[in-house]
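Quick note, the working numbering runs 63 ahead of the 1-based positions in the sequence shown. What follows is a short report on a single structure.
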Amino acid sequence: MSGDDLKLFLYTIIGFIIGLVLFFKGFKWMKQKQMIENIPTSKIRSLAMGLVEIKGKVISQAGKVLKSPFSQSDCVYYKYTIEEYRRSGKHSRWVTIDKGEKGDYFYLKDDTGSVLVYPIGAEVNISLDNEFGSGFGRAPNSAITSFINENKLLRLSFGNPQRRYKEYFIAPNDELYILGTADDNPFVDEATAKMGVEDVMIKKGNNESFFYISDKPENKLLSSLRWKTFGGLFGGLILLLVCLFFIFAFLRLV
């Protein structure tokens, strides 16, 4: 096997692995779509314990507002990625060199009441809020520099390569869709709760791992998951079969 053949064989193996991952992700997306379709939206005042679907507006707790890492915007949850542009021979690509998230308790309010939400552990599908760049004479802004220093990301503080900094956050008054587990609120004694919903908190369940938060309307979520399911199951399967054929061909089994 020549060097070019070996390189092609390795690419085929990588393609096979990608196809396998896509195929199994397709099943995951299909399950998510079915759960969103099958669970009706509950009014917050009439929540039952267990897996629930709710919609409403974000209300922050007093003194519990976070600051997003790169723009210092008020929020109750954020996630971020830092990517670096790297070259290797004729190839170049953006590589994620750091990522993270942080969240605090907040309330979700509809026209019947409000309920406490703990977002950590959720699959959070929210739109990109800000993207900043640095490199080639552009230094990162002061908020980014402070964030890197305060979080001791020392490997990011040297040199000035081309980077991009992306932040996604949930801000007060954002409209959210949440599918999670309604459980006991650990901060409220059940005997002292004025209304039943005061003793409830939405979180990732102990027995039900599905916990989903999005700033997109339910119909757009379902449309996106429908396409992801199709692409994952059928696209992944086709990629698997094509790569498998070439693997067998390389091994002279066909």
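Note that CB positions come from ideal geometry on N, CA and C, so glycine has one too.
DSSP beta-bridge partners of residue i
i	result
C138	L129
E164	K142
E116	T104, L242
T159	E146
V180	F169, I265
G196	R227
Y275	E186, L242
V305	DSSP lists no partner for V305.
V121	L171
Reduced DSSP secondary structure (H/G/I, E/B, other) of residue i
i	result
W92	helix
F5	Here the chain comprises residues numbered 64 to 317, so residue 5 is not present and cannot be evaluated.
G152	coil
T255	Low local confidence applies: a pLDDT of 42 at T255 is under 50, so the model's placement there is unreliable, with the coordinate-based value given in what follows. It is helical.
E238	strand
A202	coil
N270	coil
R315	coil
N188	strand
D173	strand
Y228	strand
L212	Here the sequence assigns Asn to residue 212, which means Leu is not the residue at that position. The answer is helix: DSSP assigns N212 an H, G or I state.
Distance CB(residue i)-CB(residue j) smaller than 8 Å
i	j	result
L303	F86	yes
G295	W92	yes
I189	D278	yes
L83	I102	no
I241	I265	yes
D145	D167	The amino acid at residue 145 is misidentified as Asp; the sequence shows Ile. No, Cβ-Cβ distance for I145 and D167 is not below 8 Å.
Through-space distance from residue j to residue i, alpha-carbon basis
i	j	result
L69	K94	38 Å
E261	V178	7 Å
P203	Y148	15 Å
S151	W290	33 Å
F72	E186	35 Å
P224	I117	43 Å
M98	S109	20 Å
F90	I211	38 Å
T286	G119	What sits at residue 286 in the sequence shown is Ser, not Thr. If I take the Cα positions, the gap works out to 20 Å.
E213	R227	19 Å
L191	A206	18 Å
A254	N248	Residue placement at A254 is poorly supported in this model, since its pLDDT is 40, which falls under 50; the coordinates still yield a value, given next. If you take the alpha carbons of A254 and N248, they lie about 12 Å apart.
M258	A234	At M258 the pLDDT is 44, less than 50, meaning the model places this residue with poor confidence; the figure from the coordinates comes in the next sentence. Their backbone Cα atoms lie some 26 Å apart in a straight line.
S209	K215	10 Å
E271	I77	33 Å
K96	C138	28 Å
N193	V180	24 Å
Inter-residue CB distance, residue i and residue j (contact presumed, cutoff 8 Å)
i	j	result
Y140	P182	5 Å
E230	S131	5 Å
F79	G184	Contact flag wrong, Cβ pair sits at about 32 Å.
T175	I122	Not a contact, Cβ separation roughly 14 Å.
S105	F232	That belief does not hold up - the Cβ atoms of S105 and F232 are roughly 26 Å apart, past 8 Å.
is_contact[residue i, chain C] using C-beta, thresh 8 Å
i	result
K127	This model lacks chain C altogether, as it is built from one protein chain only.
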